Amino acid sequence: MKITLVKKVLADGSPCAKCRDVQEKLEVNEQLKFIDQTLIADVSDPQSAGMQIAQQFNVDRAPFFVVEREGQEAEIYTVYFKFAKEVLQPLIQQAEAS
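Numbering (full-length UniProt numbering), first residue to last: 1 to 98.
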C-alpha cells in the first residue's frame, strides 16, 4: 500500500489552515510514519505535483489522501477522520500485533 498526502500552499506561500491542522494531527498521533509521500499543491503553480494529482483525481479540496493498494483503483480521502479510521487504524493495529 502506498499513501500520498496532498497539501495546499496558498498564493502567498503559506500552507492552508486545514492542511496545517491535519499535519498537526498526523504528528501528534504518530501517524506520519504511514505516509509514503507528501505532495504540495501550489495554487500559483498549476504544474506542481500536488495540483497535477488533484486534477488527475478531480479533487478540489485539500488536504487529501491518495491510498493505492496493489491491484485496486486508488482511493481518495478528503476527510482526515474517515481516512484515519478506515486506513490508519488497521495499519496501527497491524503494527501493534507484530
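Even for Gly, the Cβ is constructed at its ideal location relative to N, Cα and C.
The structure presented is a predicted model; accordingly, all values stated were derived computationally and were not measured.
- Excluding sequence positions up to five before and after F34, its CB lies within less than 7 Å of the CB of I3, L88 and L91, all in the same chain and listed in chain order.
- Per the C-alpha coordinates, the member of D45, G13, Q72 and K25 positioned closest to L5 is K25.
- As DSSP reads the structure, T38 sits in a beta bridge with L5.
- Shown here for E68: same chain residues with a beta carbon closer than 6 Å to its own, the five before and five after excluded, namely K2 and A74 in chain order.
- Around the beta carbon of G71, a 10 Å sphere encloses fewer than 16 other beta carbons of the protein chains shown; the residue is thus reported as exposed.
- Here Y77 is bridged, per DSSP, to F65.
- For P15, the beta-bridge partners assigned by DSSP are V9.
- Annotated three-state conformation of E96 is helix, per DSSP.
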